[in-house]
Amino acid sequence: MSDSTQYFAPRPRVASKRAVVRARLPGVELDLVTDRGVFAYAQLDRGTDLLLRTAPPPAADTVALDLGAGYGAIAVVMALRAPAAHVWAVDVNLRALELCAANAAAAGASNVTASAPEDVPEDVRFGVIYSNPPVRIGKSALHALLSLWFARLTPDGHAYLVVQRNLGSDSLAGWLQEQGYGVDRLRSRLGYRVLDVCLAPGSLQ
Numbered sequence: 042m043s044d045s046t047q048y049f050a051p052r053p054r055v056a057s058k059r060a061v062v063r064a065r066l067p068g069v070e071l072d073l074v075t076d077r078g079v080f081a082y083a084q085l086d087r088g089t090d091l092l093l094r095t096a097p098p099p100a101a102d103t104v105a106l107d108l109g110a111g112y113g114a115i116a117v118v119m120a121l122r123a124p125a126a127h128v129w130a131v132d133v134n135l136r137a138l139e140l141c142a143a144n145a146a147a148a149g150a151s152n153v154t155a156s157a158p159e160d161v162p163e164d165v166r167f168g169v170i171y172s173n174p175p176v177r178i179g180k181s182a183l184h185a186l187l188s189l190w191f192a193r194l195t196p197d198g199h200a201y202l203v204v205q206r207n208l209g210s211d212s213l214a215g216w217l218q219e220q221g222y223g224v225d226r227l228r229s230r231l232g233y234r235v236l237d238v239c240l241a242p243g244s245l246q
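For the sequence shown, position 126 (counting from the first letter as 1) is numbered 167 according to this note's numbering, and the numbering increases by one without interruption.
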């Protein structure tokens, strides 16, 4: 099993070999530690980079979610951009959660909580969700995952997803609309789509 197919396993079987990524983004520049068996080893994934250049940061005092946080690029950057927000960084991968917590601490992002899904209190609701979702878990599993967490959006909340076109971004947008969500395509670049999903009716641009 390769590194790229283990990132959604709770305990990756591939041996650890850490590497550092320099993330240079608007308003934020920092080093992030990555590892084998975690999504986007030794790089800032292009989709994640595009999402961080497109999606707005959380509003002050908002509770935010980074769904499938990996080593924490989205959670840490958004937490630094919005220090009054509380960002939950959720992943099933224990190696990823360890890295995410360490990266947040190193960056001074004390408003990040790295957590396994089952450890997020059931009464927590999110004003914004960010995700470079794990599409390789399969369509049915992905739909179930998004349904579970999108049900925890506040009534005026938004979810920002980045998905490759050739991995089903347009079909995912269509499915979300069928579920009653409004979906707008905010940006397309290098084969990636950034989608803005909300509870109110909308249209795919």
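Beta carbons are placed, not taken as given, at the ideal position from N, Cα and C, and that holds for glycine.
Predicted, not measured: the structure shown is a model, and the values here were computed from it.
Using a Cβ distance threshold of 8 Å, L183 and V176 count as a contacting pair. With respect to S156, V118 sits apart: the two C-beta atoms are not nearer than 8 Å. Contact between A114 and L85 holds, since their C-beta atoms are separated by about 6 Å, short of 8 Å.
In this structure, the alpha-carbon of A50 lies about 33 Å from that of D197.
Comparing alpha carbon positions, the residue from G109, G88 and A147 closest to V133 is G109.
R226 carries a strand assignment under DSSP once its states are collapsed to helix, strand and coil.
Restricting attention to V79, L213 and Y233, the CA atom closest to the CA of G179 is found in L213.
Judged by DSSP in its simplified three-state form, T89 adopts helix. Using a Cβ-Cβ distance cut-off of 8 Å, the region 224–243 and the region 84–103 are in contact, since at least three pairs of beta carbons, one from each stretch, lie closer than that value.
Annotation: the continuous beta strand (DSSP E) that includes L202 extends over L194 to Q205. DSSP places F49 in the coil class of the three-state scheme, outside both helix and strand. Between the alpha carbons of W129 and E219 lies a gap of roughly 28 Å. Membership of V161 in any alpha helix (DSSP H) is not indicated, and neither H nor E is assigned to it by DSSP. Only residues of its own chain outside the window of five on either side were considered, and among them R77 have a CB closer than 8 Å to the CB of A56, listed in chain order. For A125, the closest alpha carbon among the candidates R65, F80 and A101 is that of A101. Distances from the CA of E139 to each of A120, D160, H127 and G111 were compared; the closest alpha carbon is that of G111.
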